[in-house]
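As structure tokens, the structure follows; a few thoughts come after it.
Protein chains: 2
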Amino acid sequence: MEFNLTILGNNSAIPSHGRHPAAQVLQMGNEYFLIDCGEGTQMQMNHFDIKRSRINYIFISHLHGDHFFGLIGLLNSYSLLRREKTLHIFCHQPLKALIDIQLQTCGTVLTFEIEYHFLPDKQQIIFENKQTMVQCFPLQHRIACLGFLFKEKVEGRKILKDKIEKYKVPIAQMEALKNGEDFVDANGTVIDNALLTADLPPARSYAYVSDTLFLPEIAAHIPQVNLLYHEATFKNEDAQRAADTFHSTASQSATIAHLAKTKKLLVGHFSAKYHQEHLQELLQQAREIFTETIISEEGKKYEIE
Amino acid sequence: MEFNLTILGNNSAIPSHGRHPAAQVLQMGNEYFLIDCGEGTQMQMNHFDIKRSRINYIFISHLHGDHFFGLIGLLNSYSLLRREKTLHIFCHQPLKALIDIQLQTCGTVLTFEIEYHFLPDKQQIIFENKQTMVQCFPLQHRIACLGFLFKEKVEGRKILKDKIEKYKVPIAQMEALKNGEDFVDANGTVIDNALLTADLPPARSYAYVSDTLFLPEIAAHIPQVNLLYHEATFKNEDAQRAADTFHSTASQSATIAHLAKTKKLLVGHFSAKYHQEHLQELLQQAREIFTETIISEEGKKYEIE
Chain A
903 MEFNLTILGN
913 NSAIPSHGRH
923 PAAQVLQMGN
933 EYFLIDCGEG
943 TQMQMNHFDI
953 KRSRINYIFI
963 SHLHGDHFFG
973 LIGLLNSYSL
983 LRREKTLHIF
993 CHQPLKALID
1003 IQLQTCGTVL
1013 TFEIEYHFLP
1023 DKQQIIFENK
1033 QTMVQCFPLQ
1043 HRIACLGFLF
1053 KEKVEGRKIL
1063 KDKIEKYKVP
1073 IAQMEALKNG
1083 EDFVDANGTV
1093 IDNALLTADL
1103 PPARSYAYVS
1113 DTLFLPEIAA
1123 HIPQVNLLYH
1133 EATFKNEDAQ
1143 RAADTFHSTA
1153 SQSATIAHLA
1163 KTKKLLVGHF
1173 SAKYHQEHLQ
1183 ELLQQAREIF
1193 TETIISEEGK
1203 KYEIE
Chain B
903 MEFNLTILGN
913 NSAIPSHGRH
923 PAAQVLQMGN
933 EYFLIDCGEG
943 TQMQMNHFDI
953 KRSRINYIFI
963 SHLHGDHFFG
973 LIGLLNSYSL
983 LRREKTLHIF
993 CHQPLKALID
1003 IQLQTCGTVL
1013 TFEIEYHFLP
1023 DKQQIIFENK
1033 QTMVQCFPLQ
1043 HRIACLGFLF
1053 KEKVEGRKIL
1063 KDKIEKYKVP
1073 IAQMEALKNG
1083 EDFVDANGTV
1093 IDNALLTADL
1103 PPARSYAYVS
1113 DTLFLPEIAA
1123 HIPQVNLLYH
1133 EATFKNEDAQ
1143 RAADTFHSTA
1153 SQSATIAHLA
1163 KTKKLLVGHF
1173 SAKYHQEHLQ
1183 ELLQQAREIF
1193 TETIISEEGK
1203 KYEIE
């Protein structure tokens, strides 16, 4: 299954140094999930050749403007382009009223339905399809804020093509084999499932954590994720400012990655005060605790491996 | 006086082909007026090195999203940057409630005051200072929509430096000369004002017209403007679509420029369906009626001469 992440915005609230407010697109199989939608998200999609129309699910972590001010513009464009497909928005409840009053004031009747899924304040599965599961979990910010865990579903057994040919297993038996059943051939001989199948690779996962105070409990919600995007709004020397504003430092984000036994850490949500060279210092601070850290870059696609 | 216009967005509602929703900055002397504020306006300001902090007056033509969805983000950034100076917003009344509910939901208390100036539905002077006068005038769109005329104030006489030296006029007399008074020298000789001063150049003006159905009456509100920005959302062959959506075509915008005896016409607010080569065709259509037409370009500064 395709499983990759494209960063559209890696900055915190004030757009600066060419960086944009929070937004990213996660592809899982045929679905494209939009995670947060800061101002300019639709232009960033254009810029990086991501088709707006592919998105059917939007997840908004919290109701600070840099995480959703781009949503109303995106909805407006969808409607002008005569979208018909229902759009699912996972968000805190007050967002609906904000959207409604804006549409009403502009005299806009959308050409499509929005199905709102209001987020709980605790860990919970909020979306599932055949291939995918999305879970939210609480963060600690100035207002209600959630992280999201996107997990591949891996069920059953992987069929070994060469063994299928060798034992002449008919196509009709494939589902039974995937479910772990043995195969009985025309002579009544039982072929053990383990001879015909292998373990599937472990389920991959991606976690999005923005914005939050340093919160070690997060690690328990995202065990061994393949890729973690964690906010690192501040460098270590600005730890007090991080605490005051309910944000994390480079070292704190790396500590979460370490505690969760993450494979790779992508840091972002950078303060507007940091130029590109400051981000290199921030990276070094994170790497002292968690070596597999990288600085998120807008427009870059990260494979979840 | 400095008098120039920088285009930040020249597209209609759906951002496309690298073009942005409506926004422009007009410099008149020391004041920077922001006219409309589509999504991404603050990023465009960064991109084109226009300091956000210079802006104290914002004019919103109407409440369709592509003309104001960038405003809430700009206000948010001002507050995060701890702006203290009052910001004046000229807009239709419902915008205040939209801004208020968004700030409230985000838990944002602005660090500065907003002074709202609600727009009338007829021609009226809405702003004046020593050097400048701003007048609004009605357009015809799907919702209440106004154009804006920005006019230099030219009062009094221009002092001729060489004549001042020749007749030894003391500095204290300058204001009187500007007001057209004669000068009486130490010997009691009267020096005629006309010998010491000349006519000032005529007052320059700039008019912003977006969005509107073709409306010949507009010309009477903007006589002989030096620069007219008029929407030309559609090419002539899409005239029916223009009429249906209350927009103008290339020829229609050029006709307004011609009727108003405009010096120069800048067309913009282009439909998302047009690529750059289509805009060249649109330009040719306008020039058939009004030769002094140019295609507005984002990031370009136009002097009002």
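Sequence lines, in order, name chains A and B.
For the first sequence, my numbering gives the first residue as 903, with consecutive numbering after it.
For the second sequence, my numbering gives the first residue as 903, with consecutive numbering after it.
Note that beta-carbon positions come from the ideal geometry of N, C-alpha and C, so glycine has one too.
- Burial is judged here by how many other beta carbons sit within 10 angstroms of a residue's own beta carbon; A:Leu1102 has fewer than 16 and is exposed.
- One thing to note: B:Met1035 has its Cβ no nearer than 8 Å to the Cβ of B:Lys1024.
- Approximately 6 Å separates the beta-carbon atoms of B:Ser1150 and B:Ala1144; this is inside 8 Å, confirming the contact.
- For B:Val1011, DSSP records no beta bridge to any residue.
- Around the C-beta of B:His1177, fewer than 16 other C-beta atoms lie within 10 Å, and the residue is accordingly described as exposed.
- For B:Asn906, the enclosing beta strand (DSSP E) stretches over residues 905-911.
- Using a Cβ distance threshold of 8 Å, B:Leu1168 and B:Leu1115 do not count as a contacting pair.
- Sixteen is the threshold: since fewer than 16 other Cβ atoms of the shown chains lie within 10 Å of the Cβ of B:Ile1027, the residue is exposed.
- Counted as a single uninterrupted DSSP element, the stretch harbouring B:Gln926 is not any alpha helix (DSSP H) but the beta strand (DSSP E) occupying residues 925-930.
- For chain A, the residues of the segment 920-940 of chain B that bring a beta carbon within less than 9 Å of one of its beta carbons are Gly920, His922, Pro923, Gly940, in chain order.
- If the five residues before and after B:Lys1070 are omitted, its C-beta is found closer than 8 Å to the C-beta atoms of Asp1087, all from its own chain and listed in chain order.
- In the DSSP assignment, B:Asn978 falls outside any beta strand (DSSP E) and within the unbroken alpha helix (DSSP H) covering 973-982.
- Neighbours of A:Ala915 across chain B, judged by C-beta separation under 8 Å: Asn978, Ser979, Leu982.
- For B:Arg921, no beta strand (DSSP E) encloses it, and the DSSP letter there is neither H nor E.
- A residue is called buried when at least 16 other Cβ atoms come within 10 angstroms of its Cβ; B:Asp1140 meets this threshold and is buried.
- Excluding five sequence positions before and after A:Leu997, the CB atoms of its chain that fall closer than 7 Å to its own CB belong to Ile962, Leu965, Phe970, given in chain order.
- Those residues of the segment 1006-1029 of chain B placed with their C-beta closer than 8 Å to a C-beta in chain A are Thr1007, Cys1008, Gly1009, Thr1010, ordered along the chain.
- Distance between B:Gly1201 and B:Ile909, taken at the CA atoms: about 6 Å.
- Under the 10 Å beta carbon count, A:Gln1187 is surrounded by 16 or more other beta carbons and is classified as buried.
- The alpha-carbon separation between B:Phe1020 and A:Thr943 amounts to approximately 30 Å.
- For the segment 983-1045 of chain B, the continuous beta strand (DSSP E) assignments of 3+ residues that do not extend past its boundaries occur at 989-993, 1016-1020, 1026-1030, 1034-1040, in sequence order.
- Interface flag for B:His1149 against chain A is unset, since no Cβ pair is found closer than 8 Å.
- Under the three-state reduction of DSSP output, A:Lys1203 falls in the strand class.
- Residue contact with chain B for A:Pro1104: absent (no Cβ-Cβ distance below 8 Å to any residue of chain B).
- Every alpha helix (DSSP H) of 4 residues or more that sits fully in the segment 1159-1202 of chain A is shown, in chain order, as 1178-1189.
- Ranked by Cα distance from A:Val1092, the options A:Pro1104, A:Thr1195, A:Leu1079 are led by A:Leu1079.
- Short of 6 Å from the beta carbon of B:Phe905, and not among the five residues preceding or following it, lie these beta carbons of its own chain, in chain order: Met930, Arg1106, Ile1206.
- Chain A has no Cβ within less than 8 Å of the Cβ of B:Pro1125.
- The criterion of a C-beta distance shorter than 8 Å is not satisfied by A:His1171 and A:Asp1084.
- By the C-beta criterion, the segment 1011-1020 of chain B is judged to be in contact with the segment 971-988 of chain B, since at least 3 inter-stretch pairs fall below 8 Å.
- Annotation: the continuous beta strand (DSSP E) that includes B:Asn958 extends over 957-961.
- The Cβ-Cβ distance between B:Arg954 and B:Met945 does not fall below 8 Å.
- Taking a C-beta cut-off of 7 Å against chain A, the contacting residues of the segment 948-981 of chain B are Asn948, Leu965, His966, Gly967, Phe971, Gly972, Ile974, Gly975, Asn978, Ser979, listed in chain order.
- Note that the C-beta distance between B:Tyr959 and B:Cys993 is not below 8 Å.
- Cβ atoms of B:His1132 and B:Ala1159 come within 8 Å of each other, at about 7 Å.
- Taking 3 residues as the shortest admissible run, the segment 1100-1124 of chain B contains the following complete beta strand (DSSP E) segments, listed from N- to C-terminal end: 1107-1111.
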